[in-house]
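Below: one structure, written as structure tokens.
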Amino acid sequence: MKFYVCIKMVPDVYAPFQIKEGELIMDADRMVLNAYDASAVEEALVLKENHGGEVEVVCIGSTKASETIRKALAMGADKGTHILVSGNEDFDSGSYANILSAFFKNQEYDILSLGKQSQDTDSGLTGSMLAELLDLPYATNAVGLEVEDGNLIVKRQGDTGQEMISLPTPCAVTCSNDMNEPRIPNLKGIMASKRKPIDTIDLASLGLSDVELSSNSKVVSFEHKPERKAGQKFEGEAEEIARSVAQLLDTEANVI
Amino acid sequence: MSSILTYIAISEGKIKRSSLEVLSRCKSIADANGLSCEAVIIDEKASTYTDSVQKYGASKIHIVEDSVFSQHRNAPLLSALSKVMEISKPKIVVFASTEGTKDILGALAANQKAGVVADVSSFEMTSTGVSAKRPLMAAKVVGNVEVTGDTILVSVRSGSYDLVETPVTADISTVDISINEGDLKAKLREIISATGDTIDLNEAEAIVAAGRGVKDEEAKNLISELARVLNAGIGASRALTEAGVYDPSLQIGQTGKVVSPQLYIAVGISGAIQHVAGMTNSKVIVAINKDPDAPIFEVADYGIVGDLYKILPAFIDELKKIKS
Numbered sequence: 001m002k003f004y005v006c007i008k009m010v011p012d013v014y015a016p017f018q019i020k021e022g023e024l025i026m027d028a029d030r031m032v033l034n035a036y037d038a039s040a041v042e043e044a045l046v047l048k049e050n051h052g053g054e055v056e057v058v059c060i061g062s063t064k065a066s067e068t069i070r071k072a073l074a075m076g077a078d079k080g081t082h083i084l085v086s087g088n089e090d091f092d093s094g095s096y097a098n099i100l101s102a103f104f105k106n107q108e109y110d111i112l113s114l115g116k117q118s119q120d121t122d123s124g125l126t127g128s129m130l131a132e133l134l135d136l137p138y139a140t141n142a143v144g145l146e147v148e149d150g151n152l153i154v155k156r157q158g159d160t161g162q163e164m165i166s167l168p169t170p171c172a173v174t175c176s177n178d179m180n181e182p183r184i185p186n187l188k189g190i191m192a193s194k195r196k197p198i199d200t201i202d203l204a205s206l207g208l209s210d211v212e213l214s215s216n217s218k219v220v221s222f223e224h225k226p227e228r229k230a231g232q233k234f235e236g237e238a239e240e241i242a243r244s245v246a247q248l249l250d251t252e253a254n255v256i
Numbered sequence: 257m258s259s260i261l262t263y264i265a266i267s268e269g270k271i272k273r274s275s276l277e278v279l280s281r282c283k284s285i286a287d288a289n290g291l292s293c294e295a296v297i298i299d300e301k302a303s304t305y306t307d308s309v310q311k312y313g314a315s316k317i318h319i320v321e322d323s324v325f326s327q328h329r330n331a332p333l334l335s336a337l338s339k340v341m342e343i344s345k346p347k348i349v350v351f352a353s354t355e356g357t358k359d360i361l362g363a364l365a366a367n368q369k370a371g372v373v374a375d376v377s378s379f380e381m382t383s384t385g386v387s388a389k390r391p392l393m394a395a396k397v398v399g400n401v402e403v404t405g406d407t408i409l410v411s412v413r414s415g416s417y418d419l420v421e422t423p424v425t426a427d428i429s430t431v432d433i434s435i436n437e438g439d440l441k442a443k444l445r446e447i448i449s450a451t452g453d454t455i456d457l458n459e460a461e462a463i464v465a466a467g468r469g470v471k472d473e474e475a476k477n478l479i480s481e482l483a484r485v486l487n488a489g490i491g492a493s494r495a496l497t498e499a500g501v502y503d504p505s506l507q508i509g510q511t512g513k514v515v516s517p518q519l520y521i522a523v524g525i526s527g528a529i530q531h532v533a534g535m536t537n538s539k540v541i542v543a544i545n546k547d548p549d550a551p552i553f554e555v556a557d558y559g560i561v562g563d564l565y566k567i568l569p570a571f572i573d574e575l576k577k578i579k580s
């Protein structure tokens with residue numbers, strides 16, 4: 001099986017930030033491999049270990065994104081492709097899906113996988129967009145993957161339960177971080193990653209039109225989330241404070 | 257007349273309340289902008305739900321009824337929605353943000369060449385499209401998003417809008433769609449439903465959520481007892497669903513469900529940002545934790561510092577007295 005995992009470099013949501021006049025200001029160096037994508041890489045590596053095959057990763061990003069690709073290679077992916085962009089573009093989910101779709105039209109693969117969303121924006125749109133553009137059967141929010149008789153068996157978390165779906169290849173799947181704990185690259189992996197190939201391709205070489213690259217959704221400003229003030233804190237004798245809060249929920253908060 | 261179309265999600269034989277919240281919002285946008293307020297129901301028994309949908313102001317209801325829709329499957333749902341969109345020609349299509357919606361929203365936008373914005377907490381119609389607010393950076397920040405396009409898809413977090421009844425008599429139209437089970441490339445093998453008859457977290461008025469502090473059967477029993485007394489849904493932090501203590505469908509947070517009940521009681525939950533992202537819009541938050549410095553107390557209206565084994569029995573007992 002040939003796995004192609006789409007990975008993304010995203011801001012670390014733990015990094016401190018400021019909002020000034022509607023702009024979000026963060027440390028541009030605090031960038032990480034999107035956690036959901038890391039789970040997608042991990043799962044592909046496990047399936048490769050069990051069933052053989054290859055794992056390639058592709059990443060759209062600025063020069064700095066090569067670090068993100070190296071991370072995936074250090075985890076064990078075989079090869080990377082870096083679709084180089086300036087990083088100042090106003091891409092939305094649709095632009096990313098169009099770029100990936102143009103890239104994959106000339107690639108061989110059995111399984112395309114992606115994180116189910118980016119941890120900074122949580123939109124969760126690119127995966128199913130890409131599947132639709134490439135006309136692939138797909139499943140989202142996978143919490144488990146297995147390969148069986150050339151099909152990908154996806155366990156996905158639905159609204160009320162888990163759905164077991166069998167997808168013929170080629171297919172696409174988006175991964176939850178609930179499926180595994182991505183491995184931390186060890187020294188051997190890090191050393192090996194330096195010898196693994198990264199193809200860098202220019203965005204222009206994919207021949208996308210301005211319309212395909214343009215975004216029709218833009219974050220025009222940022223604001224702080226509505227502040228939730230810490231309320232009353234009760235410490236002391238357990239039974240007494242428990243009963244007081246129960247009463248307050250009835251008489252003060254009016255939610256019983 | 258152009259339309260604004262609401263997708264009515266059906267789950268386990270019931271209309272998702274969050275879909276009716278969305279419909280209530282769409283009705284008010286339709287009235288303010290001279291749009292036809294329309295709804296679409298896609299289900300094996302779609303026609304049985306039209307009465308409730310008329311009550312919330314849909315003056316036209318598109319029905320797609322076929323046994324293929326007895327379970328969630330993305331390919332037939334996409335075909336049905338595409339077909340209804342071609343008939344209704346909506347300016348905006350609005351969905352409650354469920355796992356079913358998340359599964360198809362991007363694909364539908366690509367298929368229809370529509371603008372799209374997911375998981376918003378509020379939205380307005382503008383002269384160029386839609387403006388919306390949505391949480392970003394693990395819900396630490398709110399982004400103001402502008403979306404342009406002739407057609408725009410929007411999904412809305414549950415609890416973002418109130419239900420408003422505006423009864424009308426709807427024009428009900430059936431949309432025929434022929435889907436052969438055999439033509440579907442993705443095969444649904446089985447559904448593992450572990451939640452049984454528990455209360456849907458997106459609909460629950462009250463939620464009791466268990467975290468790492470809930471370690472054994474005794475603590476689990478206390479959680480169940482508290483939920484029973486309050487008629488609350490039971491949720492859990494990622495730590496507990498990953499450990500297999502609670503079913504994965506009960507996970508609340510950035511990765512799991514985003515909830516906004518009237519009352520949220522966090523028991524033994526420290527309050528990691530990913531968890532808080534999923535519950536910070538609850539009306540009243542109660543936190544029970546033995547660590548007085550746990551970050552959960554920063555968002556709690558009522559923080560109880562103490563051992564859950566000592567707190568919960570008295571808390572439950574007092575609530576029972578109040579209830580009776």
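Respectively, the protein sequence lines represent chains A and B.
For the first sequence, this note's numbering gives the first residue as 1, with consecutive numbering after it.
For the second sequence, this note's numbering gives the first residue as 257, with consecutive numbering after it.
The beta carbon of each residue, even a glycine, is placed where N, CA and C say it ideally should be.
Of all residues in the region 100 to 134 of chain A, the ones placed with a Cβ closer than 9 angstroms to any Cβ belonging to chain B are Ser101, Lys116, Gln117, Gln119, Asp120, Thr121, Asp122, Ser123, Gly124, Leu125, Thr126, Gly127, Ser128, Met129, Leu130, Ala131, Glu132, Leu133, in chain order. When CB distances to chain A are screened at a threshold of 8 angstroms, the residues of the region 536 to 557 of chain B falling below it are Thr536, Lys539, Val540, Ile541, Val542, Pro548, Phe553, Glu554, Val555, Ala556, Asp557, in chain order. Distance between Asn458(B) and Ile260(B), taken at the CA atoms: about 24 angstroms.
Exclusion of the five residues before and after Tyr520(B) leaves Ile463, Met535, Ser538, Ile541 as the residues of its chain whose Cβ lies within less than 6 angstroms of its Cβ. Counting only runs that start and end inside the region 29 to 113 of chain A, the alpha helix (DSSP H) elements of at least 4 residues fall at 35 to 51, 65 to 75, 93 to 104. Listed in chain order, the alpha helix (DSSP H) elements of length 4 or more contained wholly in the region 192 to 249 of chain A are 210 to 213. DSSP places Asp299(B) in the uninterrupted beta strand (DSSP E) bounded by 292 to 299.
Beta bridge pairing from DSSP links Ala460(B) with no other residue. Within 8 angstroms of the CB of Val515(B), no CB atom of chain A is found; the nearest one sits about 13 angstroms away. Inter-segment contact for the region 190 to 210 of chain A and the region 368 to 380 of chain B is absent: fewer than three beta-carbon pairs are separated by less than 8 angstroms.
If you keep only unbroken beta strand (DSSP E) runs of at least 3 residues inside the region 319 to 395 of chain B, you get 346 to 352, 371 to 376, 378 to 381, 385 to 392. Residues of chain B whose Cβ lies closer than 7 angstroms to the Cβ of Thr140(A) are, in chain order, Lys358, Asp359. Here Asp427(B) is bridged, per DSSP, to Lys316(B). Within the region 325 to 353 of chain B, the residues whose Cβ lies closer than 9 angstroms to some Cβ of chain A are Gln327, His328, Arg329, Asn330, Ala331, Leu334, listed in chain order. If you draw a 10 Å sphere on the C-beta of Arg445(B), you find fewer than 16 other C-beta atoms in it, and that means exposed. A direct Cα-to-Cα measurement between Leu45(A) and Glu212(A) gives close to 32 angstroms. Cα atoms of Ser284(B) and Glu437(B): separation of roughly 39 angstroms, rounded to the nearest angstrom. Minimum Cα-Cα distance from Val349(B) among the listed residues Val372(B), Tyr312(B), Leu333(B), Ser335(B) corresponds to Val372(B).
One Cα belongs to Lys272(B), the other to Ile297(B), and the distance between them is close to 11 angstroms. Taking 7 angstroms as the cut-off, the beta carbon of Ser209(A) is found no closer than this to the beta carbon of Ser95(A). Counting only residues of its own chain and dropping the five nearest sequence neighbours on each side, Gly559(B) has a CB closer than 6 angstroms to the CB of Ala543, Phe553. Taking the CA atoms as reference points, Met393(B) sits about 42 angstroms from Asp432(B). By the rule that beta-carbons nearer than 7 angstroms mark a contact, Phe379(B) does not touch chain A. The three-state reading of DSSP puts Thr121(A) in coil, since its state is none of H, G, I, E or B. In the DSSP assignment, Gln18(A) falls within the beta strand (DSSP E) that extends over 17 to 20.
Interface criterion not met: the Cβ of Gly150(A) is under 7 angstroms from no Cβ in chain B.
Within the region 412 to 424 of chain B, no residue has a Cβ lying closer than 8 angstroms to any Cβ of chain A. A Cβ-Cβ separation of about 6 angstroms places Ala495(B) in contact with Gly467(B) under the 8 angstroms criterion.
Within the region 270 to 291 of chain B, no residue places its CB atom closer than 7 angstroms to a CB of chain A. At the C-beta level, Ser118(A) and Lys8(A) come within 7 angstroms of one another.
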